[in-house]
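Novice:
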Amino acid sequence: MPSPFRLYSTLSRRVESFVPRTPGEVSIYVCGMTVYDHAHVGHARAFVVFDVVVRHLRNSGWNTRYVRNYTDVDDKIIRRASRDGEDPLTLAERYIASFREDMAGLGNLPPDVEPRVTASIPEIIAMIGSLVAGGHAYEDGGSVWFSVPSFPAYGGLSGQKVDDLRSDDSGTKRHPADFALWKAHREGEPSWDSPWGPGRPGWHIECSAMADRWLGHGFDLHGGGLDLVFPHHENEIAQSECSGHHGPFARYWLHNGLLTVAGGQKMGHSLGNFVTIRDLLPQFPAEALRLYYLQSHYRSPLPWSDTAIPEALGMLARLYEAREQAESLEGTGQADAVAASLGADALTVLDLGRAFEERFRAAMDDDFNTSLALAHAFELARAINRLAANKKVARKARPVVEPALAAFRLLADTFGVCAMTPQAFQADVKARRSAAMGIDPAWVDAQLAARAEARASKEWALADQIRAELDAAGVVIMDGAAGSEWRLRLVSPT
RNA sequence: GGCGCCAUACCCAAGUGGUUAAGGGAGAGGUUUGCAAAACCUCUAUGCGGCGGUUCGAAUCCGCCUGGCGCCUCCA
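Residue numbers for the first sequence follow numbering that gives the first Met the number 0, beginning at 0 and rising by one.
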């Protein structure tokens, strides 16, 4: 039996218990990218958040169907293509490929269906047809408009009243709030035949048509960025609920908060204040980005800064450190007996490890509280480190940390964080940071060898001088029993 | 002008009626170390933007004010 959960729905503006359309099943539609440029870290937040939502639902026993679309024909695509002298559909194809790489690089699992507008034209035309037939849309000069006044419930999601909207528009629309379902063909634009002549879909109709086809009317969760609430999602509701179906279009609406840059403004393509995923991923492990997103609640605004990802990487390293410590412990026996013989620190690790899954799930089942879930993980990490610092217990404590290791697996499964081996993580960090910081590992190794020689002959001044040089380059040395290791400093001293 | 959201320590951030206000980072001190790093321990908000109110009791509910953000045009 899937476990119940609560979530905040924009529609009701409160947290409510989830009731599925079909018992045991969750259908979710997330608005994807308009593919006219590379995705930036603001987009990535939405897709990581919904990836984690879907992973958690599946881990909770829900049979989950996840649909995320590509908008591959649109004004912005056409504008960009015309600027670059490229065919719009070719350009869109290129950025779909780019997006797929970014999603894979981020560790997001692919949705079950990734429909495209250009592959959904018949459904779109059919839906527009039913809207025209029902008196909710009208044709004018080869374009078709949705008639907002024909849908009295319009504004229910966003709280907007049609008469209070700002509008400078007039054109051929009957009402300023009316929006395009079908745009008549213009020279140089992609077009498809339709009962209203050649043209292409308007922006909003695609999601209605694709959700309808792949999930059916009245599906469970509709997700997207907070900036899509109006008009995009409002218009989706209007189209879908006027096209001959009964009941609401989607049962719950989830909206993720936006990334903000210094000064509090949101990150946006049009504002030019963005960092792309493909700029960042070569420099930092994907898991650092995931942790950055998951450390705050998905609905809150999330401040972006140059130190955000290095700091998240530091947090990640802390989790891996604890996991590595836990994995290094040895010993056998019955966990309770071993813990009892080892003392309070061992009992704490055992208790926290055993309690983790329940606490983690409780946090996630309460509107996907990833921040609280992570706090539980850090509490466990500290307890493990405290235990492992005692060399005497380290040889016996393995049974005590088994539940904690299971906790790390749950974290990896649900968050896609701490999913590598600690060794692979360190290697990954070293490779990406070395490249980003312009440090040659061979040079570091040579320096380290020279220092080892100096230390062997107790030439401390020389050894310290070498370490200072490495430190200045951002390389931190860790002397251990088995020799010296090095890592790269994650956050620059301020 | 309309609609909506937010305000918790130096920074990020959970908590939305009831024991000592989670967690992470930064900072200070200590343990450890040849010296460091990592790790561990201790400390860092008698207070949760301000002012009123409801209540036995409020960061948590209500009102007003101040500040900020999002949307109303493309936007994750």
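The beta-carbon is built from N, C-alpha and C at its ideal position, and this holds for glycine as well.
Mapping DSSP to helix, strand and coil, what is His216?
Specialist: Your numbering for residue 216 matches position 217 in the first sequence. Three-state DSSP puts His216 in coil, outside helix and strand.
Novice: Going by beta carbon distance, what residues of the same chain come within less than 8 Å of His268, once the five residues before and after it are set aside?
Specialist: Taking the first residue of the first sequence as 1, we reach residue 268 at position 269. Same-chain partners within the cutoff: Asp36, His39.
Novice: Spatial neighbours of Ser295 within its chain, please: C-beta separation below 6 Å, excluding the five flanking residues on both sides.
Specialist: Translated into positions along the first sequence, residue 295 becomes position 296. Here the set comprises Leu301, Ser370.
Novice: With DSSP run on the structure shown, which of helix, strand or coil describes Cys30?
Specialist: For the purposes of this step, residue 30 is taken as the residue at position 31 of the first sequence. Of the three classes helix, strand and coil, the one that applies to Cys30 here is strand, per DSSP.
Novice: Once the 5 residues before and after Val510 are set aside, which same chain residues still bring their CB inside 6 Å of it?
Specialist: Residue 510 lies beyond the range of the chain shown here (0 to 493); nothing can be said about it.
Novice: Can you tell me the Cα-Cα spacing of Ile476 and Glu378, whole angstroms?
Specialist: The sequence position of residue 476 within the first sequence is 477, counting from 1. The sequence position of residue 378 within the first sequence is 379, counting from 1. For Ile476 and Glu378, the distance between alpha carbons rounds to 27 Å.
Novice: From the DSSP output, in three-state form, read off Thr9 for me.
Specialist: Taking the first sequence and counting its residues from 1, one reaches residue 9 at position 10. Correct three-state label for Thr9: coil.
Novice: Measuring CA to CA, which of Gly140, Gly141, Asp162 is closest to Val147?
Specialist: Within the first sequence, numbered from 1, the residue matching residue 147 stands at position 148. Minimum Cα distance to Val147 is reached at Asp162.
Novice: With DSSP collapsed to three states, give me the class of Thr331.
Specialist: If you number the first sequence from 1, residue 331 lands on position 332. Correct three-state label for Thr331: coil.
Novice: Just verifying my parser: in three-state terms, what is the DSSP assignment at Asp111?
Specialist: Residue 111 sits at position 112 when you count from the first residue of the first sequence. Asp111 falls in the coil class under three-state DSSP.
Novice: Grouping DSSP H, G and I as helix and E and B as strand, with all else coil, what is Leu90?
Specialist: Taking the first sequence and counting its residues from 1, one reaches residue 90 at position 91. Reduced to three states, the DSSP call for Leu90 is helix.
Novice: Measure the C-alpha to C-alpha separation of Arg488 and Cys417 and round it to an integer number of angstroms.
Specialist: Working through the first sequence from its first residue, we reach residue 488 at position 489. Working through the first sequence from its first residue, we reach residue 417 at position 418. Going by the C-alpha atoms only, they are around 19 Å apart.
Novice: When you compare only the Cα positions, how much space is there between Ser119 and Glu235?
Specialist: Residue mapping note: residue 119 aligns to position 120 of the first sequence, counting from 1. Residue mapping note: residue 235 aligns to position 236 of the first sequence, counting from 1. So the alpha carbons of these two residues sit roughly 16 Å apart.
Novice: Let me know the secondary structure DSSP gives Phe145 once reduced to three states.
Specialist: As a first step, residue 145 must be located in the first sequence, where it is residue number 146. Strand at Phe145.
Novice: Can you list, in chain order, the residues of its chain with a C-beta nearer than 7 Å to that of Arg12? Leave out the 5 residues immediately preceding and following it.
Specialist: Taking the first sequence and counting its residues from 1, the one referred to as residue 12 is at position 13. Around Arg12: no qualifying Cβ.
Novice: CB-CB under 6 Å to Leu461, same chain, minus the five flanking residues each way: which ones, in chain order?
Specialist: The residue labelled residue 461 in the question sits at position 462 within the first sequence. Contacts found: Ala453.
Novice: Assign Leu253 to one of three DSSP states: helix, strand, or coil.
Specialist: As a position in the first sequence, residue 253 is number 254, starting the count at 1. The answer is strand: DSSP assigns Leu253 an E or B state.
Novice: For the region 18-36 and the region 72-91, state whether three or more C-beta atom pairs, one from each stretch, are separated by less than 8 Å.
Specialist: Contact holds: three or more Cβ-Cβ distances are below 8 Å.
Novice: Report yes if the CB atom of Phe17 is closer than 8 Å to the CB atom of Tyr297, and no otherwise.
Specialist: Here residue 17 corresponds to residue number 18 of the first sequence, with the count starting at 1. Here residue 297 corresponds to residue number 298 of the first sequence, with the count starting at 1. No. Outside cutoff.
Novice: Who are the near neighbours of Gly23 in its chain, counting only those whose CB is closer than 6 Å to its CB and skipping five residues on each side?
Specialist: Taking the first sequence and counting its residues from 1, one reaches residue 23 at position 24. If we look at Gly23 and ignore the five residues flanking it on each side, its Cβ neighbours are Pro1, Asn62.
Novice: Does Glu286 pass the burial test, meaning 16 or more other C-beta atoms within 10 Å, or should it be called exposed?
Specialist: For this step, residue 286 is matched to residue 287 along the first sequence. Buried.
Novice: When DSSP builds the beta bridges, which residues end up paired with Gly482?
Specialist: Residue mapping note: residue 482 aligns to position 483 of the first sequence, counting from 1. According to DSSP, Gly482 bridges with Gly479.
Novice: Can you tell me which of Met102, Arg353, Thr413 puts its alpha carbon nearest to the alpha carbon of Leu404?
Specialist: Position 405 of the first sequence, counting from 1, holds the residue named residue 404. Selected option, being the one with the closest Cα: Arg353.
Novice: In angstroms, rounded to a whole number, what distance separates the CA positions of Arg277 and Arg99?
Specialist: What you label residue 277 is simply residue 278 of the first sequence in a count that begins at 1. What you label residue 99 is simply residue 100 of the first sequence in a count that begins at 1. Going by the C-alpha atoms only, they are around 11 Å apart.
Novice: Could you have a look at Arg199 and say whether DSSP puts it in helix, strand or coil?
Specialist: The sequence position of residue 199 within the first sequence is 200, counting from 1. Three-state result, Arg199: strand.
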